[in-house]
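**Q**
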Amino acid sequence: MHGYGIARRIGQISKEVLQLNQGTLYPALLRMEQDGWIASRWGASEKNRKAKFYSITGAGRRRLVKETEDWRRMSSTIERFLGFDPGEPAEEHG
Amino acid sequence: MSRAQVIASRLRGLFGRDRLDTELDQEVRFHLETQIEDNLAAGMDPVEARRAALRSFGGIEPMKETIQGPPGVRLYRGDSAGSAVRASRSAQKPGLHGDVGDRAGPGDRRSTACHVLNAVLFPAASSSAGLAISRFQSRNACRAKRP
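Chains A and B are the protein sequences, given in the same order. Heads up, the first sequence is in the working numbering, so the first residue is 20 and it goes up one at a time. Heads up, the second sequence is in the working numbering, so the first residue is 9 and it goes up one at a time.
#1: Out of curiosity, what's the CA-to-CA distance linking R27 (chain B) and K71 (chain A)?
#2: Below 8 angstroms on the Cβ atoms is my guess for Y73 (chain A) versus S59 (chain A); work out the distance and round it to an integer in Å.
#3: Do you know offhand how far G102 (chain A)'s Cα is from Y23 (chain A)'s?
#4: Is G66 (chain B) close to chain A, meaning its C-beta is less than 9 angstroms from at least one C-beta of that chain?
#5: Would you please verify whether the beta carbon of L83 (chain A) is less than 9 angstroms from any beta carbon of chain B?
#6: Residues in the same chain with beta-carbon distance under 6 angstroms from I25 (chain A), minus the five sequence neighbours each way, listed in chain order, please.
#7: Does chain A have any CB closer than 9 angstroms to the CB of M52 (chain B)?
#8: What are the boundary residues of the beta strand (DSSP E) that F72 (chain A) is part of?
#9: Please report the straight-line C-alpha distance between G62 (chain A) and A49 (chain B), rounded to a whole angstrom.
#10: Apart from the five residues on each side of it in sequence, which residues of its chain come closer than 7 angstroms, Cβ to Cβ, to Y45 (chain A)?
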């Protein structure tokens, strides 16, 4: 998928809630490519224009799994704080 | 590393850097042209379509600066795989890059001359003392060439 397509997908998936400043996408793509998480190649777009296409690498997939786990752990922690009732006794562990 | 190897390495970094600039320009052009076409297809008039595309992109020069670092002397990374990418805060294989500012494009001859001069005149720039001196000299040398 090319950069413009990625920007469009982010907008679509977030139902336009995430209003991405699209120019910020390219530095991020470059950094991820430097880190080996994505690879790029030049090709022709749907309208036969020269475009750079990105794909995720094996290292990128592994990183994605780790980042997803980290995000879920963090968001569930925040969720516990938001749902915390000061009147409730704290859960005992151990 | 011999002087010749250092110069060769710096020249490789130089051309890799220019390639990165060219590729980035092509990507941005493709992005904006496609966005303008989509805006036109959505019923905008040409002026508004272009304006909206530029607005949603959010500024081309700040984006380039994020990638390239601020105008002035930069450190950049050049490797034999051709993925020469500037990393202003990276000290990996440091090389000097003098820039004449945002008015000079990647193909600008003044800018290129500074790169070549840096590569040839300051091969020992990887030492911190050499780097500091070269930084000062290259900034002033390049800026003096501004019209």
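Beta carbons are placed, not taken as given, at the ideal position from N, Cα and C, and that holds for glycine.
**A** Considering the structure as presented:
#1: In this model, R27 (chain B) and K71 (chain A) are separated by some 14 angstroms (Cα to Cα).
#2: Their Cβ separation, rounded to whole angstroms, is 5 angstroms, which keeps Y73 (chain A) and S59 (chain A) in contact under 8 angstroms.
#3: Near 38 angstroms, if we compare the C-alpha coordinates of Y23 (chain A) and G102 (chain A).
#4: Chain A contact via Cβ: present.
#5: Taking a beta-carbon distance threshold of 9 angstroms, L83 (chain A) does not count as an interface residue toward chain B.
#6: If the five residues before and after I25 (chain A) are omitted, its C-beta is found closer than 6 angstroms to no C-beta atom of its own chain.
#7: False, the Cβ-Cβ gap to chain A never drops below 9 angstroms.
#8: It spans K69 to I75 - the beta strand (DSSP E) in which F72 (chain A) sits, taken as one unbroken run.
#9: If I take the Cα positions, the gap works out to 24 angstroms.
#10: Taking Y45 (chain A) as the centre and dropping the five residues before and after it, the same chain places the C-beta of G22 closer than 7 angstroms to its C-beta, in chain order.
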